[in-house]
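Quick mapping for you: the protein sequence lines, in order, are chains Y and W. Counting in the working numbering, the first sequence runs from 1 upward without gaps. Counting in the working numbering, the second sequence runs from 1001 upward without gaps. Note that the Cβ used here is the ideal one computed from N, Cα and C, for glycine as well. Note that the coordinates shown come from a computational prediction; the quantities given were computed from them, not determined experimentally.
Protein chains: 2
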Amino acid sequence: MKKYTQIYNIIRDMILSGELLPGEKIPSVRKAAANYSVSLTTVQSAYFELCADGYIIAQSKSGYFVSGNVHSHPDEEQADVQSNAIYDLSGGLADEESFDFSLWQKYIKSALRQSERLLSYSQPKGEYDLRCAISQYIKEKRNVIAPPDRIIIGAGILPLLHILCSLLDKKLCVSFPDKSFVLGMSVFADYGFDVHIRDKDADVIYVSPSHMTRWGDVMPIKRRLELVDYSRKHNSLVIEDDYENEFLYNVKPTPSLYALGKDNIIYMSSFSAMLLPGIRVSFMVLTKELTEKYNQNAFRYAQTAGKTEQIALCSYIRDGRIKSQIRKIRRIYSAKTKKLAGILKELLPEAKIEIGENTLQIILVAKWNKSPEEFEKAGIRVFIEKYENNRITLVLSPSGIPMAELEKAARLLADVLLCK
Amino acid sequence: MKKYTQIYNIIRDMILSGELLPGEKIPSVRKAAANYSVSLTTVQSAYFELCADGYIIAQSKSGYFVSGNVHSHPDEEQADVQSNAIYDLSGGLADEESFDFSLWQKYIKSALRQSERLLSYSQPKGEYDLRCAISQYIKEKRNVIAPPDRIIIGAGILPLLHILCSLLDKKLCVSFPDKSFVLGMSVFADYGFDVHIRDKDADVIYVSPSHMTRWGDVMPIKRRLELVDYSRKHNSLVIEDDYENEFLYNVKPTPSLYALGKDNIIYMSSFSAMLLPGIRVSFMVLTKELTEKYNQNAFRYAQTAGKTEQIALCSYIRDGRIKSQIRKIRRIYSAKTKKLAGILKELLPEAKIEIGENTLQIILVAKWNKSPEEFEKAGIRVFIEKYENNRITLVLSPSGIPMAELEKAARLLADVLLCK
């Protein structure tokens, strides 16, 4: 083996084993030459080849660094790397127009000034004043009447489901409306629950009435009443995930199951979609019975949501900011959906294009078969609902794309679908 | 047998048999009196003796709990009952001197300016650059060598344990060093694991080598090596919770189990205790095998820690702020402990007063029996480790009390212990 290949292998192995970490500086040429008793040229050659193969990066005047992309498991890295797509229509994004950052900054700053409060751990259920504000807010907005004591805050829906599962009898059977909420289904399965799809006789029934399908169908009042009635008769517990209720725009407001039901409904909602995806504050309203069980076991739980954001959010809600924020994004998102649907209808006259009930998503059915890679390559990320009978069904969420760039995104999408 | 002795025996047997678990609330005096058809005074006498014998602990306003292990993991300390105490020596608190709020505010402000990053959800494992920074940090500090890919961020130790449990085979047996970490034990029990105490042949062994007891004993190197060796031979998984390692001051630095061990160690740590209890950012380093399993199932997980705090913390670590912060609190906390111990020794010459190995806690053994209520009434909150032979053992953590007020707190405490 040539000497420079030996040096190459030594450094490469140190990188692959994790001994040298991404971003870390590797020994200088001079130092390595001394370490391994070889010439400067030998090290230089090895380093050039390591650069060429992407293991290290040369930075002028500062030396060589382990490249950020090198990992012992190259496949896993893909999940870590941000998409190359310029336009992401697959959902879960906000855009800069839709959130007043400087306003939120003011609330965070003011929360950080409450240094004394930040010196202790949050109560397991979450900050008391935020739970009071939420109690008031859901009463006004969704007719969900619950004292702060029954409200549990958490850093997202998942930590709340963990708490809920720990309160329920294991070996129960839980039903989900379809297979799309993988995260939630996994939590229940991990706890030993039997997970069924659309089983109205399950002990626990998980529903998101404001977002029944990926394109935001809303559960009609008649079915809500049936569900509430049936679950009460069968003594089953209903988990009402009020996901995306805030965005309902075109349809008539529908009452929450919680307001329709009795003591067997757990109400859940999140602030992430209304504010920013990175803000992790969700909450659930437990039944009286489960609240008692929680209280007896409170020593087992710890709050997951950050205290600063809890304090900030409390004032934000109390000042009525959340209501104006919701009005704002509802207006913006709905305008975007309509605009994108309009452009796509012109560009793709043969495709079937519909706006989902909650006006956040567009369903597009086209007769061409295209792979996800073909969209990505064109700079577009989409959610592919299904391939069927040589037709492709896409669900498009334009919320994360600036209004001014919708036309460009639509054109890129149309180009993929139209080219052969 | 006297009636109150009968009640005493009934409750004691329920505790010893495991029918009542550590931390569990026992029936109220009123309820027990009704249940066993005896007078309130009889129950009260029995409960008082159970307290004196260390079986149960009274908590003001919430009733009686099975003792020894009523406390939760100190990292996840919860202020369940709002304390009226002016001075809280029970732990889990920081004080204003120990954290530079205006500096942290700058990092948060700068994170909030990165609006584009805040518009999307965090990667399930957490922000990539924070994981890089952590990877570098734990390598330098604890010789824990792990690429960012194997690091999972979460909003506290609990969400991380949930992920870990979901990756492990259920029906395994897990061992904890004692019954004190109720939160962690509950998570494993909920997932169907068999939870044992001090079982070296368990499949999963949970240890916090830098905080083995409530007063911060440190696992000696010899035992570390034995544990690493034994676990490797027996093919068991070790969870190393590096809790309070940052505070070790008097003792020699001890290597992490992770650095001593091979591929069977999971390393966990949290930033809450170093920064502010309200900042919820913890992390774990998975083994290669479990990382692969995680990656295959990444769609099942969502990040719980807030994005703003993750971005801020990343720059905070990169700028070397975390190191100076640790030096600072180590200095402050250790000075406080020494000062409080000195004052108490003068005030209570007959008590046995020792500083714990990690200099964060003081162990005080006094010959007087006092109830938690008596301390609370005097404006002091303490952690009562046990009642034994007419002696009370307190664990005192002065970290949350300003230096200038330690003397006053000590006097209040001494007054309770000295008065009859």
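Helix, strand or coil: how does DSSP classify residue i here?
i, result
"L286(Y)", "coil"
"H162(Y)", "helix"
"L364(Y)", "strand"
"V144(Y)", "coil"
"S1236(W)", "coil"
"F188(Y)", "helix"
"E1019(W)", "coil"
"A58(Y)", "strand"
"D242(Y)", "coil"
"K293(Y)", "helix"
"C1314(W)", "helix"
"C51(Y)", "helix"
"D1194(W)", "strand"
"I1086(W)", "coil"
"T337(Y)", "helix"
"T308(Y)", "helix"
"G320(Y)", "coil"
"S1180(W)", "coil"
"V66(Y)", "strand"
"I1221(W)", "helix"
"R327(Y)", "helix"
"R214(Y)", "coil"
"A414(Y)", "helix"
"E127(Y)", "coil"
"Y4(Y)", "helix"
"Y1137(W)", "helix"
"I353(Y)", "strand"
"K200(Y)", "coil"
Determine whether the Cβ of residue i lies closer than 8 Å to any Cβ atom of chain A.
i, result
"I1279(W)", "Among the protein chains of the structure shown, namely Y and W, there is no chain A."
Quick one: residues in its chain with C-beta nearer than 8 Å to the C-beta of residue i, no 5 flanking neighbours on either side, listed in chain order?
i, result
"K408(Y)", "Y87"
"A1414(W)", "L1344, L1347 and L1348"
"R224(Y)", "P209, T254, P255, L257 and L260"
"K336(Y)", "P398, S399, I401, M403 and L406"
"L422(Y)", "Summary: the structure shown does not reach residue 422(Y), with chain Y confined to residues 1 through 420, and so no result is reported for it."
"R1318(W)", "A1133"
Please say whether residue j and residue i have beta carbons closer to each other than 8 Å?
i, j, result
"A155(Y)", "R280(Y)", "yes"
"I1011(W)", "L1050(W)", "yes"
"K25(Y)", "G63(Y)", "yes"
"E1096(W)", "S115(Y)", "yes"
"V195(Y)", "F181(Y)", "no"
"D1178(W)", "G1356(W)", "no"
"L160(Y)", "S282(Y)", "yes"
"L1112(W)", "I108(Y)", "yes"
"G1092(W)", "P1277(W)", "yes"
Report, in whole angstroms, the separation of the C-beta atoms of residue i and residue j, which I expect to be a contact under 8 Å.
i, j, result
"I205(Y)", "S236(Y)", "6 Å"
"S1164(W)", "R300(Y)", "For the record, residue 1164(W) in the displayed sequence is Leu; it is not Ser. That belief does not hold up - the Cβ atoms of L1164(W) and R300(Y) are roughly 17 Å apart, past 8 Å."
"I1056(W)", "P1372(W)", "That belief does not hold up - the Cβ atoms of I1056(W) and P1372(W) are roughly 11 Å apart, past 8 Å."
"Y128(Y)", "P148(Y)", "6 Å"
"S1166(W)", "S186(Y)", "7 Å"
"Q1310(W)", "I1153(W)", "7 Å"
"L1396(W)", "L1340(W)", "7 Å"
"L119(Y)", "A1305(W)", "Going by Cβ atoms, the distance from L119(Y) to A1305(W) rounds to 20 Å, so no, they are not a contact pair."
"S1135(W)", "I1329(W)", "Actually they do not touch by this definition, with Cβ atoms about 23 Å apart."
Which residues in the same chain have their Cβ closer than 7 Å to the Cβ of residue i, if we skip the five residues on either side of it in sequence?
i, result
"S1256(W)", "R1142, N1143, V1144, E1240, D1242 and Y1267"
"S1394(W)", "According to the sequence as given, residue 1394(W) is Leu; it is not Ser. Within the same chain, L1394(W) has close Cβ partners L1364, V1382, F1383, I1384 and E1385."
"N369(Y)", "Y387, N390 and I392"
"Q59(Y)", "F65"
"R1131(W)", "K1125, P1148, I1151 and I1153"
Could you pull the DSSP bridge partners for residue i from this structure?
i, result
"C1173(W)", "D1194(W)"
"I422(Y)", "A question about residue 422(Y) goes unanswered here, because the residues of chain Y that appear run from 1 up to 420."
"I11(Y)", "Bridge partners of I11(Y): none, in fact."
"S1269(W)", "F1283(W)"
"F1383(W)", "V1395(W)"
"Y1433(W)", "Only positions 1001 to 1420 of chain W appear in this structure, which leaves residue 1433(W) out of reach."
Might you give, ordered along the chain, the residues of its own chain that have their beta carbon closer than 6 Å to the beta carbon of residue i, omitting 5 neighbours on each side?
i, result
"Y1121(W)", "none"
"S1269(W)", "D1242"
"A46(Y)", "Y4, I7 and Y8"
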